[in-house]
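First to last, the sequence lines map onto chains A and B. Residue numbering for the first sequence follows the working numbering, beginning at 119 and increasing consecutively. Residue numbering for the second sequence follows the working numbering, beginning at 742 and increasing consecutively.
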Amino acid sequence: MDLQTVNILLEKYFEGTTTITEEKQLKAYFTSNNVAPHLAHYRDVFGYFKTEKEIKFDKKLPLQPRKTKTVKWISIAASLALLSGTVWWVSNSNEAQANELGTFNNPEEAYQATQEALHLLSNEVNQGVEGMAVLKQYEQTKRKIFKKQSNKQSK
Amino acid sequence: MKSLEFEQLIAPFKNKVFRFAKRLLVSTEEAEDATQEVMVRLWNKKETLVNYNSVEALAMTMTKNFCLDQLKSKRASNLQLVHSNYSDNRTGLEKEIEAKDSWNWVEKIINTLPEQQRLIIQMRDIEEYEFETIAAVLEMNETAVRVALSRARKTIREQLVAKHNYGLTNS
């Protein structure tokens, strides 16, 4: 490239009117080995531009696939399912029990069943009371012994 | 969209986003964080990306907004970080010392420009974007972009000429 063209291009360059192609020509000229001495300081500028373009970004990008989000949603769904399942099961079994409380259509049958139930209850209670009668014997004996002991101590 | 497809989608402009962020934030670490952040945000809206004409322009706009927010909150906090205080990792690598030294000068000059001009220089002179794209990303009209670009280029020239003529200025 002859000096005159370089001068024209430089002038346009500083006015901001050069095209990309013209700027590439300038870069090529100023990074070559035959730059006119009085333009030598422009070598720094165009040389700098050229080296700056070679800087690379070589760090790894922390790109996480959407997995984390899906896992989160799956766990939320699973816990919801578990919770609603438990609630359903509990309420269902309660209902079943409530149904089993049994109703009688015939009042006589109901009366009989109630009597039977009360009999059963009182029998059990009586058995318990009989058992307690035996305990009374123990209590008396214990009192005798402990009285003696406490008497001895007081003497 | 699988992560592999996404990597392929962003591959052509991943580095541009990083350099763009670095132009504003200066520090390499912060620019890396910003790039990761922007890419993750893109990844999160990957289903809607088909609606955009250019994912690259979208990514650049997101980067610009994110970095400007970063700078704003940094300025708002008491801890003020002065850009020239950063030592860049790469400069320590002492490669091509002499050439790099004068290129560092260019970098320093560019980093003193207003943010908008810095971004325009980055997009035009380094990444070689057309004015149309630059205007879209920066939400300006093309004429304003050209004016700002011309101003930035002239500032760089003036400062560089001054440096060459006197040899020493503040470093």
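Note that beta-carbon positions come from the ideal geometry of N, C-alpha and C, so glycine has one too. Predicted model, so just to flag it, every value in this text is computed and none were measured.
### Task
Determine, using beta carbons only, whether G203 of chain A comes closer than 8 Å to chain B.
It does not: the Cβ of G203 of chain A has no partner Cβ on chain B nearer than 8 Å.
#### Entry: K145 of chain A versus F167 of chain A: straight-line alpha-carbon distance, rounded
Approximately 8 Å between the Cα atoms of the pair.
### Query
Thinking C-alpha only, which one of B:Q749, B:F754, B:L901, B:S744 is nearest M864 of chain B?
When C-alpha distances from M864 of chain B are compared across B:Q749, B:F754, B:L901, B:S744, the shortest belongs to B:F754.
### Query
When the distance is taken between beta carbons, is F747 of chain B closer than 8 Å to M801 of chain B?
Their beta carbons are not under 8 Å apart, which means M801 of chain B does not touch F747 of chain B by this criterion.
### Proximity winner among A:K177, A:E170, A:D162, A:G165, relative to V724 of chain B (alpha-carbon distances)
Residue 724 of chain B cannot be examined here, being either before or after the span of chain B that is shown, 742 to 912.
### Task
Check R872 of chain B in the structure and name its three-state DSSP category.
It is Phe, not Arg, that sits at residue 872 of chain B in the sequence shown. DSSP places F872 of chain B in helix when its eight states are reduced to three.
### Task
Give me the Cβ distance between R859 of chain B and F872 of chain B, rounded to the nearest whole Å; I'm assuming they're in contact under 8 Å.
Not really, about 17 Å apart at Cβ, beyond 8 Å.
#### Entry: Three-state secondary structure assigned by DSSP to E172 of chain A
Collapsing the DSSP output to three states places E172 of chain A in coil.
### Query
Given a threshold of 16 other Cβ atoms within 10 Å of its Cβ, counted over all protein chains shown, does Q777 of chain B qualify as buried or as exposed?
Only buried fits Q777 of chain B, as 16 or more other CB atoms lie within 10 angstroms of its CB.
### Message
Please list, in chain order, the chain B residues whose beta carbon lies closer than 8 Å to that of K174 of chain A.
### Response
In chain order: N756, F759.
### Burial state of G833 of chain B, where buried means 16 or more other Cβ atoms lie within 10 Å
In this prediction, G833 of chain B has a pLDDT of 48, which is less than 50 and means its spatial position is unreliable; nothing more can be read from the coordinates.
### Message
Which residues in chain B have a C-beta closer than 7 Å to the C-beta of V163 of chain A? List them in chain order.
### Response
Those within 7 Å of V163 of chain A in chain B are V847, I897, L901.
### Partner residues on chain A for I875 of chain B, Cβ-Cβ distance less than 7 Å
The premise fails here: I875 of chain B is roughly 11 Å from chain A at the closest Cβ pair, so nothing lies under 7 Å.
### Task
Show which residues of chain B have a CB atom less than 7 Å away from the CB atom of P180 of chain A.
Going along chain B in sequence order, the residues near P180 of chain A (Cβ under 7 Å) are Q777, V781.
### Query
Can you tell which of B:K849, B:V847, B:R892 has its C-alpha closest to the C-alpha of Q857 of chain B?
Relative to Q857 of chain B, the option among B:K849, B:V847, B:R892 whose CA is nearest is B:R892.
### Message
Tell me the rounded alpha-carbon separation between A921 of chain B and L766 of chain B.
### Response
The first residue shown for chain B is 742 and the last is 912, placing residue 921 of chain B beyond what the model contains.
### Message
Can you check which of these residues, B:L809, B:T874, B:S818, B:L783, is closest to M916 of chain B by C-alpha distance?
### Response
Any property of residue 916 of chain B remains undetermined from this structure, which presents chain B solely from 742 to 912.
### Query
Of the residues A:A196, A:H156, A:T136, A:R161, which one's Cα is nearest the Cα of E869 of chain B?
Out of A:A196, A:H156, A:T136, A:R161, the CA that lies nearest to the CA of E869 of chain B is found in A:T136.
### Message
Distance check for V779 of chain B and Q192 of chain A, CA to CA, integer angstroms please.
### Response
Inspection of the sequence shows that residue 192 of chain A is occupied by Ile rather than by Gln. Rounded to whole angstroms, the gap between the alpha carbons of I192 of chain A and V779 of chain B is 29 Å.
### Message
Please classify L854 of chain B as buried or exposed, where buried requires at least 16 other C-beta atoms within 10 Å of its C-beta.
### Response
Burial state of L854 of chain B is buried, judged by a 10 Å Cβ sphere holding 16 or more other Cβ atoms.
#### Entry: Contact set for V758 of chain B: own chain, Cβ-Cβ below 7 Å, skip 5 residues either direction
Exclusion of the five residues before and after V758 of chain B leaves T776, V779, A800, M801, T804 as the residues of its chain whose Cβ lies within less than 7 Å of its Cβ.
### Task
Within its chain, find whatever has a CB closer than 8 Å to the CB of G165 of chain A; leave out the 5 residues flanking it on each side and keep chain order.
Around G165 of chain A: F148, T149.
### Message
I'd like the span of the alpha helix (DSSP H) that includes L181 of chain A, first residue to last.
### Response
Looking at the DSSP string, L181 of chain A is not in any alpha helix (DSSP H), and its letter there is neither H nor E.
#### Entry: DSSP state of G165 of chain A mapped onto helix, strand, coil
DSSP places G165 of chain A in the helix class (H, G or I) of the three-state scheme.
### As assigned by DSSP and simplified to three states, the class of V878 of chain B
The answer is helix: DSSP assigns V878 of chain B an H, G or I state.
### Message
For a quick check, are the C-beta atoms of E851 of chain B and I861 of chain B less than 8 Å apart?
### Response
Before going on, a small fix: residue 851 of chain B reads as Ile here, not Glu. Contact flag unset, no.
### DSSP state of K836 of chain B mapped onto helix, strand, coil
Caution applies to K836 of chain B, whose pLDDT of 46 falls short of 50 and renders its modelled position unreliable; the model cannot decide the point.
### Pair within 8 Å by beta-carbon distance, A772 of chain B and K786 of chain B
Not in contact: A772 of chain B and K786 of chain B (Cβ atoms no closer than 8 Å).
### Task
Note the first and the last residue of the continuous alpha helix (DSSP H) segment covering A158 of chain A.
Counting along the chain, no alpha helix (DSSP H) covers A158 of chain A, and no H or E run does either.
### Query
Is P855 of chain B helix, strand or coil by DSSP?
When DSSP states are grouped into helix, strand and coil, P855 of chain B belongs to the coil group.
### Task
Between the Cα of T169 of chain A and those of B:D866, B:T789, B:Y793, spot the shortest distance and give me the residue it belongs to.
Nearest C-alpha to T169 of chain A: B:D866.
### Query
From B:T769, B:E770, B:A798, pick the residue whose C-alpha is nearest to that of L879 of chain B; which is it?
Looking at B:T769, B:E770, B:A798, the one whose alpha-carbon comes closest to that of L879 of chain B is B:A798.
### Query
If you measure from the beta carbon of L765 of chain B to each beta carbon in chain A, is any gap under 8 Å?
Answer no: the Cβ-Cβ gap between L765 of chain B and chain A never drops below 8 Å.
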